[in-house]
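Quick notes on the structure that follows.
Protein chains: 2
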Amino acid sequence: LHVAASRSPSGTLSSVLSMHMEYKKRIFTPGPTEVPSQVLQSLARPLVHHRTGFFREMHLSIANGLKYVFRTENPIVIWTSSGTGAMEAAMANVTLPGDKILTTPCGKFGERWCELASTYGLQVLRAEAEWGRVVTPGQVEDALKNDSGVSVVFTTLCETSTGVCQDVKEIARIAHKYGALVVVDAIAGLCSEELDTDAWGLDVVLGGSQKGFGTPPGLSFLSLSRDAIARIRTKGHPVYYFDLVKALDSLEKGDTPYTPAIALFVGLGEALKIIREMGIENTIERHRRNAQAVRSAVAALDLKLFAEVPSNATTAVIPPEGSASAIIDLMDKRYGIRIAGGQGKLAGHILRLGHLGFYNESDMYTMIAALEATLLDLKLNPSPGKGIKSLLESFHKDGPIDV
Amino acid sequence: LHVAASRSPSGTLSSVLSMHMEYKKRIFTPGPTEVPSQVLQSLARPLVHHRTGFFREMHLSIANGLKYVFRTENPIVIWTSSGTGAMEAAMANVTLPGDKILTTPCGKFGERWCELASTYGLQVLRAEAEWGRVVTPGQVEDALKNDSGVSVVFTTLCETSTGVCQDVKEIARIAHKYGALVVVDAIAGLCSEELDTDAWGLDVVLGGSQKGFGTPPGLSFLSLSRDAIARIRTKGHPVYYFDLVKALDSLEKGDTPYTPAIALFVGLGEALKIIREMGIENTIERHRRNAQAVRSAVAALDLKLFAEVPSNATTAVIPPEGSASAIIDLMDKRYGIRIAGGQGKLAGHILRLGHLGFYNESDMYTMIAALEATLLDLKLNPSPGKGIKSLLESFHKDGPIDV
Chain A
80 LHVAASRSPS GTLSSVLSMH MEYKKRIFTP GPTEVPSQVL QSLARPLVHH
130 RTGFFREMHL SIANGLKYVF RTENPIVIWT SSGTGAMEAA MANVTLPGDK
180 ILTTPCGKFG ERWCELASTY GLQVLRAEAE WGRVVTPGQV EDALKNDSGV
230 SVVFTTLCET STGVCQDVKE IARIAHKYGA LVVVDAIAGL CSEELDTDAW
280 GLDVVLGGSQ KGFGTPPGLS FLSLSRDAIA RIRTKGHPVY YFDLVKALDS
330 LEKGDTPYTP AIALFVGLGE ALKIIREMGI ENTIERHRRN AQAVRSAVAA
380 LDLKLFAEVP SNATTAVIPP EGSASAIIDL MDKRYGIRIA GGQGKLAGHI
430 LRLGHLGFYN ESDMYTMIAA LEATLLDLKL NPSPGKGIKS LLESFHKDGP
480 IDV
Chain B
80 LHVAASRSPS GTLSSVLSMH MEYKKRIFTP GPTEVPSQVL QSLARPLVHH
130 RTGFFREMHL SIANGLKYVF RTENPIVIWT SSGTGAMEAA MANVTLPGDK
180 ILTTPCGKFG ERWCELASTY GLQVLRAEAE WGRVVTPGQV EDALKNDSGV
230 SVVFTTLCET STGVCQDVKE IARIAHKYGA LVVVDAIAGL CSEELDTDAW
280 GLDVVLGGSQ KGFGTPPGLS FLSLSRDAIA RIRTKGHPVY YFDLVKALDS
330 LEKGDTPYTP AIALFVGLGE ALKIIREMGI ENTIERHRRN AQAVRSAVAA
380 LDLKLFAEVP SNATTAVIPP EGSASAIIDL MDKRYGIRIA GGQGKLAGHI
430 LRLGHLGFYN ESDMYTMIAA LEATLLDLKL NPSPGKGIKS LLESFHKDGP
480 IDV
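Just so you know, the sequences run in chain order A and B.
Mapping of the first sequence onto our numbering: residues 80 to 482, in sequence order.
Mapping of the second sequence onto our numbering: residues 80 to 482, in sequence order.
Structure follows, in C-alpha cells:
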C-alpha cells in the first residue's frame with residue numbers, strides 16, 4: 080500500500096487505481112462510442128503522408144463507404160472537426176446573408192441550428208416542441224405555409240439530448256413542396272435509424288466519426304445534393320476552413336484542402352469495412368433491437384422513458400427525483416460503466432443510456448446489470464433482476480440477427 | 080508471382096507490393112512528420128470519454144506541456160482542426176470588420192493570412208518579399224510608419240513553402256511600438272526555432288500537432304496574451320466552431336466546447352512527455368544541427384539552397400532544371416523516402432527536405448543517402464559520397480548533444 084501510494088505525488092491510492100483503470104471503463108453514451116479493437120489498432124500504424132496516391136485512394140474508398148451508409152450518390156466531404164464543424168459548414172455555405180430559414184428545435188442540438196443561424200445573422204423561424212417531444216411534419220407545414228420565402232429547413236434526425244427521433248423523411252417532403260432545401264443533422268442517426276438520402280431527397284446530411292461509425296472523434300461528414308451544390312457556389316458569408324467549394328474541388332482528386340487527420344481516416348476506413356461486412360440494414364436492425372430491449376428493461380425497473388418517439392441511438396430515462404447524478408457517478412466509479420446525464424436544462428434530471436455504435440446483446444446485459452446493481456446500491460431497485468429478465472425476453476423473442 | 084498478383088483485382092504485382100509497403104516508407108517532409116512509436120501505440124488505447132475528470136486532467140496537463148514549448152504563461156486553446164483552422168480562429172476573433180491589418184507574405188503560408196483577411200473583408204497591407212527571401216523588420220516598420228491604424232500584424236516564423244525563417248522577435252517589437260497586436264504562425268517553427276512567446280510579447284502564437292510535436296495531424300494550438308483576450312471579447316465576425324471566447328471559458332475547467340479528437344489528445348500527451356524529458360533547448364539545438372548538416376550535404380552535392388535565411392524546419396533546394404519531380408518520385412518509389420516538392424508557383428522547381436520533428440542523426444544519413452542514390456540513378460551525382468561525407472563532418476564537429 081505504501082509503495083503504490085508513493086508513486087503518486089498528488090493522489091490517494093484509490094485515485095491512483097481509478098486513474099489506471101480509466102482505460103478499462105466501458106462507454107455507453109450517445110457519443111463518443113466504443114471503438115472496435117481492429118479500428119484502435121489501425122490508428123497505431125505508421126503515419127502515411129496525405130499528398131500521395133495511397134492516401135487519395137484510401138480517402139475515395141472511405142467516401143464510397145460513407146455513401147453506402149448515407150445511401151446516396153451525392154459527394155461526401157470529410158472535415159477534420161467535430162460534428163459542430165460540419166453544422167457550421169452547412170449553415171455558412173448553404174445560406175446567404177439575410178436568408179430566412181426554418182429550424183425544428185426540440186433539444187440541445189436543434190437549438191444549435193438556431194444559434195448558428197443567429198451567428199450568421201439569418202432570420203430564424205422555429206417550428207419547435209418541448210424537450211422530449213418531436214416536431215411534427217404538420218408543424219413544419221404550418222410554418223412554411225404561413226411564412227413564405229424560407230430558403231432552407233435545418234432539422235435533426237436523432238436529437239440525442241432528449242432521445243427522440245424525428246420524421247425527417249416527411250419533413251423533407253414538405254420542405255421541398257415549399258421550395259426549401261433540407262439539411263439534416265444525422266450525426267447520431269446514421270447507422271442507427273432508417274435514412275435514405277437519395278430516396279428522401281435530403282440536400283445535406285451530416286455525420287460524425289465518433290457516433291455510429293465507432294471511430295474516435297475528430298472527423299465529420301457532409302453530403303451535398305445537386306441543388307445544394309448549386310447553392311454553395313454563391314458565396315455570402317466568410318468561410319475559409321469550412322469552404323465547401325474548395326472541399327468539393329479537392330475531393331474530386333481524393334484530396335482535402337488542408338492537412339486531414341490522417342490517422343483517423345485510417346481508423347474510419349477500418350470501421351467502414353466492418354459496417355460493409357455486417358450490412359447497413361443489419362446494422363440498423365441491431366440498433367433497433369438493442370434500443371427496444373433497453374426500453375423494456377427500463378420499464379421493468381419502473382423508470383420512466385423521457386422521449387415521446389424514442390430513437391435507436393439512445394434511451395433517455397427519468398430516474399427518481401434527485402437521483403440522476405448519484406446513479407451516473409456510482410455506475411462509473413463502482414462498475415466502470417459510463418452512461419450520460421442530461422444536457423442544458425435537463426442536467427441532473429435524466430439519464431441517457433447509449434446503444435449507438437458497435438454494441439451487441441452482451442453489451443446491453445453489461446449495461447443493464449450495472450444499472451440494476453447501482454439502483455440496488457442506492458435502494459432504488461425493489462426487485463433486482465427484473466431489468467435483465469426483460470432484456471432476456473426481448474432478445475430471445477427477436478432471435479439472432481441473420482448476419 | 081501468379082498467386083500474389085491474383086490477390087489484387089485491380090493492380091499489377093508491383094502496385095500491390097508498393098501498396099503493402101506504404102507503411103514502411105519514411106517521411107521527411109515539413110509536415111506531417113514521423114510519429115514516435117510510443118505516441119502511435121498510445122493512439123490505440125481504448126477511447127476515454129471527454130466529459131470526465133480523467134480527460135480534463137489530461138487536457139490541462141497537455142495545455143501545460145504546450146506552455147512549456149511556447150514559453151508562455153498565456154492560456155493555450157487546442158482545436159480539433161488543421162493549422163489553417165487555428166489561423167482562421169485568430170483572424171476571425173482578433174480582428175473586427177473593416178480593420179486594417181498588416182501581413183508579411185513571402186510564401187504560401189504568408190499568403191494564407193492575406194486570403195483569410197480578404198475572406199473577412201479586412202483592409203490588407205502587405206510588407207512582402209519574393210518567395211525564398213524574408214520580409215525584414217525594416218519593411219514592417221516602413222509599412223506601419225506610412226499607414227497608421229493597423230490593428231494587427233499577421234506574420235509567419237517558418238515559411239515552410241520556401242524554407243525561410245523570419246525575425247519574428249524584431250517584427251513583434253516594431254508592431255507593438257506602433258500599437259498593433261502581433262499574431263505569429265509558428266506552426267512549423269515551434270520545437271525547431273528559438274521562440275519566446277512571453278519575452279517577445281507575442282499576442283497570438285499558433286502551432287500544429289503534426290509538425291515539431293510528432294503527433295498525427297488533427298490538432299492545432301493557439302496562445303492568447305492578455306491584450307489579445309481583451310480584443311476577442313468584442314465579437315465582429317460570425318464565429319461558432321472557432322469561437323475563442325467559448326474555447327477559453329471551457330478551457331478553465333479542462334473542457335472543450337465541442338467533442339475533441341480524444342485519441343489525438345492522448346498521443347499529444349505522450350509526445351509532450353518526450354519533449355519535456357529531452358528539454359526544449361536541446362530539441363531546438365537538435366533541429367539546428369540537423370538543418371546545418373543537411374545544408375552542408377546539399378552544398379557538397381552541388382545543389383543550390385533556395386532560402387535566403389534558412390530555417391531549422393526544412394531545407395529548400397533547387398535541383399538541376401526539370402529534375403525535381405523525377406527526384407521526388409524515385410526517392411519515394413525505389414528508396415521509400417518521401418520528401419516534399421514545391422507548392423504553388425514553386426511546384427516542380429524545388430525540393431523540400433524535412434527535418435522537423437523527432438529526427439536524429441541516423442535519420443539524416445538515411446535521407447541524404449537516398450538523395451545521393453537517387454541523384455546517381457538520374458546521372459546527377461558526379462562524385463557519390465560527398466553529401467554523406469559532409470554530413471559526417473558536420474555532425475562530428477558538433478559532437479553529441481548533451482541530453
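Just so it is clear, CB atoms sit at the ideal spot from N, CA and C, and this is done for glycine as well.
- For A:GLU331, no Cβ of chain B is located within less than 8 Å of the residue's own Cβ.
- Taking a 10 Å sphere around the C-beta of A:THR393, we find 16 or more other C-beta atoms and assign the residue as buried.
- Separation of the CB atoms of A:LYS290 and A:GLY144 is rounded to 15 Å, and the pair is thereby denied contact status at 8 Å.
- Looking at the backbone, the Cα of A:GLY401 and that of A:HIS428 are separated by about 7 Å.
- Under the Cβ distance rule, B:HIS428 does not count among the residues neighbouring chain A, no pair being separated by less than 8 Å.
- By the neighbour-count criterion, in which a residue is buried when 16 or more other Cβ atoms sit within 10 angstroms of its Cβ, B:ARG150 is buried.
- In the DSSP assignment, no residue is bridged to B:LEU269.
- Setting aside the 5 residues that flank it on each side, B:TRP279 is surrounded in the same chain by VAL247, LYS248, ALA251, ARG252, each with a C-beta closer than 8 Å to its C-beta; the list follows chain order.
- B:GLY258 sits exposed, since fewer than 16 C-beta atoms from the chains shown fall within 10 Å of its C-beta.
- Distance from the CA of A:GLY228 to the CA of A:THR234, rounded to the nearest whole angstrom, comes to 17 Å.
- The Cβ atoms of A:PRO399 and A:LEU459 lie closer than 8 Å to each other.
- Spanning the alpha carbons of A:PHE385 and A:GLY315 requires a straight line of approximately 40 Å.
- When CB distances to chain A are screened at a threshold of 8 Å, the residues of the segment 288-322 of chain B falling below it are GLN289, PRO295, PRO296, GLY297, HIS316, PRO317, VAL318, TYR319, TYR320, PHE321, in chain order.
- The Cβ atoms of B:TYR102 and A:ARG305 lie no closer than 8 Å to each other.
- Below the 8 Å Cβ cutoff, chain B contributes no neighbours of A:LEU384, its closest Cβ being approximately 23 Å away.
- A distance below 8 Å between beta-carbons, with the five flanking residues on each side excluded, links B:CYS193 to the following residues of its chain, in chain order: THR182, PRO184, VAL203, ARG205.
- Under the 8 Å Cβ criterion, the segment 374-385 of chain B does not count as touching the segment 353-363 of chain B, having fewer than three qualifying pairs.
- Between B:LEU298 and B:LEU347, the C-beta gap is smaller than 8 Å, which places the two residues in contact.
- Closest by C-alpha distance to B:GLU136, out of B:VAL219, B:THR453, B:PHE344, is B:PHE344.
- For B:PRO339, the closest alpha carbon among the candidates B:GLN120, B:ILE106, B:GLU356, B:LEU126 is that of B:LEU126.
- Here A:GLN117 is exposed. Its C-beta has fewer than 16 other C-beta atoms within 10 Å.
- Neighbourhood of B:GLU101 in chain A, by CB distance below 8 Å: VAL127, THR131, PHE133, in chain order.
- At least one beta carbon of chain B lies nearer than 8 Å to the beta carbon of A:THR338.
- Proximity of B:SER160 to chain A, defined by a Cβ-Cβ separation below 8 Å, is satisfied.
- Scanning the segment 378-421 of chain A from its first residue to its last, the whole beta strand (DSSP E) runs of 3-plus residues come out as 393-397.
- Neighbours of A:ALA123 in chain B, taken as residues at a C-beta separation under 7 Å, are given in chain order as LEU119, GLN120, LEU122, ALA123.
- For a Cβ distance threshold of 9 Å, nothing in chain A lies close to B:GLY464: the least Cβ distance comes to about 28 Å.
- Within the segment 183-206 of chain B, the residues whose Cβ lies closer than 8 Å to any Cβ of chain A are, in chain order, GLU194, LEU195, THR198, TYR199, GLY200.
- With 16 or more other Cβ atoms from the protein chains shown falling within 10 Å of its own Cβ, B:GLY421 counts as buried.
- DSSP lists B:CYS244 as the beta-bridge partner residues of B:CYS237.
- A:ILE353 and A:LEU281 have their C-alpha atoms some 25 Å from each other.
- With a threshold of 8 Å between beta carbons, B:PRO109 makes no contact with chain A.
- At least one C-beta of chain B is nearer than 8 Å to the C-beta of A:GLY164.
- A:VAL345 is bridged by DSSP to nothing; it lacks a bridge partner.
- Close to A:GLU113, with beta-carbon spacing below 9 Å, are these residues of chain B in chain order: PRO125, LEU126.
- Pairing B:ILE157 with B:PHE300 gives a Cβ-Cβ distance under 8 Å.
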